[in-house]
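Quick notes on the structure that follows.
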Amino acid sequence: MKFFVDTAEIDQIAELNDLGMVDGVTTNPSLILKSGRDILEVTREIAALVDGPVSAEVVALTADDMIAEGRKLAAIAENIAVKVPLTWDGLKACKVLSGEGNMVNVTLCFSANQALLAAKAGATFISPFIGRLDDINLDGMEIISDIRQIYDNYGFETQILAASIRTVNHAYQSAMIGADVMTAPPAVIKAMAGHVLTDKGLATFMADWEKTGQKII
Numbered sequence: 043m044k045f046f047v048d049t050a051e052i053d054q055i056a057e058l059n060d061l062g063m064v065d066g067v068t069t070n071p072s073l074i075l076k077s078g079r080d081i082l083e084v085t086r087e088i089a090a091l092v093d094g095p096v097s098a099e100v101v102a103l104t105a106d107d108m109i110a111e112g113r114k115l116a117a118i119a120e121n122i123a124v125k126v127p128l129t130w131d132g133l134k135a136c137k138v139l140s141g142e143g144n145m146v147n148v149t150l151c152f153s154a155n156q157a158l159l160a161a162k163a164g165a166t167f168i169s170p171f172i173g174r175l176d177d178i179n180l181d182g183m184e185i186i187s188d189i190r191q192i193y194d195n196y197g198f199e200t201q202i203l204a205a206s207i208r209t210v211n212h213a214y215q216s217a218m219i220g221a222d223v224m225t226a227p228p229a230v231i232k233a234m235a236g237h238v239l240t241d242k243g244l245a246t247f248m249a250d251w252e253k254t255g256q257k258i259i
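Taking my numbering, I'd label the letters of the sequence shown as residues 43 to 259.
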């Protein structure tokens, strides 16, 4: 499973990248706002830091304008994935931009039908939002499972990018179902290392080691 980091904070990306935990980065207008950075400047910096795909999102609502913005974003670096919303205009933009050889991440996906359309339009990635479905009392993991089944049925190469991941359980379940990629905030990725029994065992080992009176260095 590929790990994308869902942030526009350079320091957080760099820390995880040094550990080999970054296969790509996803950003969106909300994350750009939070960073306080210019979208072109910070996207260029992230793309230079990370080898894998860096998703940069268009903000236009019509297909022609999305295509124009997508081309400008794609020109920043070879590893840019243009992010478009799953609207009819977004699908039109996906078809054109992917046809020109650009990676395209179709975002704000909330149904398997939407994911099927995105695959037909040539999307590189489809981003179903798990957490936001959970917010309205739907099972966000069901959409990952449904898309996996449909894509496997017909051999679609579009990669399932599990998004809106908020918990370590979301990460685990996405991996079990077979999502190709997950994108999560740095805090969630770090939390995956935690376990109460690890902490308890380490405390016991340290207490016993102290009793030996020994040192390794």
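Each residue gets a CB set at the ideal place from its N, CA and C atoms; glycine is no exception.
Examine the Cβ distances between the region 103 to 111 and the region 63 to 73 and report whether three or more of them are shorter than 8 Å. no
Ignoring anything shorter than 3 residues or poking outside the region 139 to 180, list the beta strand (DSSP E) runs there in chain order. 145 to 151, 167 to 170
Identity of the residue in Ile186, Cys151, Ala165 nearest Leu139 by Cα: Ala165
Inter-residue CB distance, Ala229 and Met43 (contact presumed, cutoff 8 Å): About 18 Å; that fails the 8 Å criterion.
Give the single residue among Ile118, Gln156, Asp48 whose Cα lies nearest to the Cα of Cys136. Gln156
Taking all protein chains shown into account, decide if Gln83 is buried (16 or more other Cβ within 10 angstroms of its Cβ) or exposed. Going by the sequence as given, residue 83 is Glu instead of Gln. That one is exposed.
In this structure, does DSSP put Ile118 in helix, strand or coil? coil
Paired residues, beta bridge with Ile125 - DSSP: Before going on, a small fix: residue 125 reads as Lys here, not Ile. Lys125 pairs with Glu99, Asn147.
According to DSSP, what are the bridge partners of Lys44? Val223
Tell me which same chain residues have a C-beta within less than 8 Å of the C-beta of Ile219, skipping the five on either side of it? Met183, Ile186, Ser187, Arg190
Count Cβ pairs between the region 148 to 163 and the region 113 to 124 that sit closer than 8 Å; are there 3 or more? no
Between Asp53 and Asn144, what straight-line distance do the alpha-carbon atoms span, to the nearest angstrom? 27 Å
Would a C-beta distance cut-off of 8 Å place Lys38 and Val92 closer than the cut-off? Residue 38 lies beyond the range of the chain shown here (43 to 259); nothing can be said about it.
As a quick exercise: from Ile172, Lys253, Ala233, Ile192, pick the residue whose alpha carbon is nearest that of Leu203. Ile172
Where Leu133 sits in the DSSP three-state scheme: helix
Can you give me the Cβ contacts of Phe261 inside the same chain, cut-off strictly under 6 Å, excluding the 5 residues immediately before and after it? Only positions 43 to 259 of the chain appear in this structure, which leaves residue 261 out of reach.
Whose C-beta lies closer than 7 Å to the C-beta of Pro227 among residues of the same chain, with five residues either side of it excluded? Asp48, Thr49
Could you spell out the range, first to last residue, of the beta strand (DSSP E) harbouring Gly66? 66 to 68
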